[in-house]
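Peer 1: So in numbering that gives the first Met the number 0, spot 191 of the sequence shown is number 190, and the numbers just go up one at a time.
Think of the CB as a built atom: it goes at the ideal place given N, C-alpha and C, for glycine as much as any other residue.
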Amino acid sequence: MSKIGRNALCPCGSGKKYKKCCQGKKPRENITMIGSPERLRGVCYDHEKMEFMGIILDDRRIELPVTFSQTGYNSDSGKEKIITRIHKKVISGAPDLMRYLSSFFDLVVAADTNTKTISGQKISVTGIVYTTVQSTSDPDAYQIEFPWHGVSVFRNCPEELLAEKYGWLSVMRELSRNREDLSRRFALVTDHDLDNHQLYNERKTPIFNDFLMPPNFTLMYGRGDGSTENILNYLVKLCDKNSTDVLKDIEAKGYFQYSDVHCSINQIPTPQL
Numbered sequence: 000m001s002k003i004g005r006n007a008l009c010p011c012g013s014g015k016k017y018k019k020c021c022q023g024k025k026p027r028e029n030i031t032m033i034g035s036p037e038r039l040r041g042v043c044y045d046h047e048k049m050e051f052m053g054i055i056l057d058d059r060r061i062e063l064p065v066t067f068s069q070t071g072y073n074s075d076s077g078k079e080k081i082i083t084r085i086h087k088k089v090i091s092g093a094p095d096l097m098r099y100l101s102s103f104f105d106l107v108v109a110a111d112t113n114t115k116t117i118s119g120q121k122i123s124v125t126g127i128v129y130t131t132v133q134s135t136s137d138p139d140a141y142q143i144e145f146p147w148h149g150v151s152v153f154r155n156c157p158e159e160l161l162a163e164k165y166g167w168l169s170v171m172r173e174l175s176r177n178r179e180d181l182s183r184r185f186a187l188v189t190d191h192d193l194d195n196h197q198l199y200n201e202r203k204t205p206i207f208n209d210f211l212m213p214p215n216f217t218l219m220y221g222r223g224d225g226s227t228e229n230i231l232n233y234l235v236k237l238c239d240k241n242s243t244d245v246l247k248d249i250e251a252k253g254y255f256q257y258s259d260v261h262c263s264i265n266q267i268p269t270p271q272l
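1) Output yes or no for whether 8 angstroms exceeds the beta carbon distance between V132 and F185.
2) What do you get for D224, buried or exposed, if any count of 16 or more other CB atoms within 10 angstroms of its CB means buried?
3) Go through its chain and collect everything with a Cβ distance to I85's Cβ below 8 angstroms, but skip five positions before and after it.
4) Please report the Cβ distance between P213 and S175, rounded to the nearest whole angstrom; I am assuming they are in contact, meaning their Cβ atoms lie under 8 angstroms.
5) Below 8 angstroms, how does it come out for the region 121-131 and the region 238-250: are there three or more Cβ pairs, yes or no?
6) Short check: CB of I122 to CB of I267, under 8 angstroms?
7) Over the uninterrupted beta strand (DSSP E) stretch that includes M49, give me the two end residues.
8) Suppose the cutoff is 8 angstroms on Cβ atoms and the five residues either side in sequence are ignored; what does the same chain contact list for R38 look like?
9) Candidates D259, S263 and F145: which alpha carbon is nearest G274's?
10) Opposite F207 in the DSSP bridges: which residues?
11) According to DSSP, simplified to helix, strand and coil, what is S169?
12) Helix, strand or coil for M0 per DSSP?
13) Have a look at P205 and R183 and give me their C-alpha separation to the nearest angstrom.
14) Identify which residue in N232, W167 and E228 has its Cα closest to the Cα of Y17.
15) Quick check on I61: does DSSP put it in helix, strand or coil?
16) Going by Cα to Cα distance, which pick from K80, E50, F210 and L63 is closest to S91?
17) If distances are taken between C-alpha atoms only, which option among G4, E144, V152 and T135 comes closest to K19?
18) Applying the 10 Å Cβ sphere with the 16-neighbour rule, what's the burial state of Y199?
19) In angstroms with no decimal places, state the Cα-to-Cα distance between P138 and R27.
20) Under a Cβ-count criterion, where at least 16 other Cβ atoms within 10 Å of its own Cβ denotes burial, should W167 be classed as buried or exposed?
21) For L187, is the beta carbon positioned less than 7 angstroms from some heavy atom of the ligand HEM?
22) Is L234 helix, strand or coil by DSSP?
23) Just list the residues that DSSP pairs S68 with in beta bridges.
24) Comparing alpha-carbon positions, which option in E250, E47, F153 and M171 lies nearest Q271?
25) At the level of alpha carbons, what is the spacing between S136 and I81?
26) Could you work out which residue in Y165, E62 and S101 is closest to T114 when comparing CA atoms only?
27) Going by other Cβ atoms of all chains shown within 10 Å of its Cβ, with 16 needed for buried, is D209 buried or exposed?
28) On the criterion of 16 or more Cβ atoms from any shown chain inside 10 Å, does E163 qualify as buried, or is it exposed?
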């Protein structure tokens with residue numbers, strides 16, 4: 000295998016130079032996992048739906064109850080580090096991911112929450128970024144826009160509800176206020192509670208109490224720390240930076256200010272469950 004030049008385009012397809020992308024990274028692995036309650040003779044792939052169907056021994060096709068695609072690598076300690084995971088779809092790389100986001104969702108929303116104790120109050124800030132991904136006349140190019148970004152600030156989240164999940168609930172409630180939004184399809188990108196994403200997406204487990212994932216939302220996992228692998232990682236990392244910056248500002252000033260809103264620490268609202 001020939002050596003890749005530092006200034007050559009990275010073979011991962013990001014469009015960046017190799018030295019600014021994958022040089023020095025642990026080898027990435029893109030995998031798709033499937034599970035079936037019946038013995039399979041094979042699988043078939045639906046390109047439009049980006050899904051596998053199982054073929055059982057009598058040649059019938061069945062829906063596979065477990066399918067997920069993920070990108071990850073093994074750390075120096077040998078522990079698996081997952082960078083992105085998407086359930087129910089076959090996503091083999093960045094081009095597939097962009098096609099999925101542009102074809103199946105009206106809005107991609109990333110949310111990440113950080114918490115810090117300030118003046119005796121447990122202050123949480125959820126960074127939120129709205130993104131649209133649209134196809135263009137060039138099948139290899141997509142138009143990405145960021146129509147809104149902001150934060151949700153709250154304090155003293157109760158122990159039975161993690162602040163990260165309250166951030167999710169806030170986003171879902173806000174995007175479900177208007178009747179016309181109920182027909183829109185939302186992807187919610189987060190780096191929290193990966194092991195339960197499939198259960199939430201299948202509405203088998205409530206996110207909190209009896210609150211099930213709304214039918215027009217889909218959770219996706221994007222790792223927010225480390226390098227930026229794709230748009231999911233970039234969005235979560237941006238949310239993390241925004242929430243961290245706001246926490247630092249609150250700590251320095253002793254109050255929260257957003258546009259014309261000015262709240263002392265004790266005036267920051269507490270979660271309404």
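Peer 2: This is what the structure holds:
1) no
2) Label assigned to D224: exposed.
3) F67, S68, Q69, L96, Y99, M219 and Y220
4) Contact holds; Cβ gap of about 6 angstroms.
5) yes
6) If you check the CB distance, I122 and I267 come in under 8 angstroms.
7) Note, M49: premise wrong, no beta strand (DSSP E); not H, not E.
8) I55 and L56
9) For the chain, the structure presents residues 0 to 272; residue 274 sits outside this window and is missing.
10) Looking at the DSSP output, F207 bridges to F210.
11) helix
12) Since pLDDT at M0 reaches only 40, below the 50 mark, its modelled position is unreliable, and no value is offered.
13) 21 angstroms
14) The shortest C-alpha separation from Y17 is found at E228.
15) strand
16) E50
17) When only C-alpha atoms are compared, the closest one is G4.
18) Residue environment for Y199: buried (at least 16 other C-beta atoms within 10 angstroms of its C-beta).
19) 25 angstroms
20) buried
21) For the ligand HEM, the structure offers nothing, since it holds no ligand at all.
22) helix
23) According to DSSP, residue pairing for S68 in a beta bridge involves T31 and I85.
24) When only C-alpha atoms are compared, the closest one is F153.
25) Near 33 angstroms, if we compare the C-alpha coordinates of I81 and S136.
26) Y165
27) exposed
28) Here E163 is buried: its Cβ has 16 or more other Cβ atoms, across all protein chains shown, within 10 Å.
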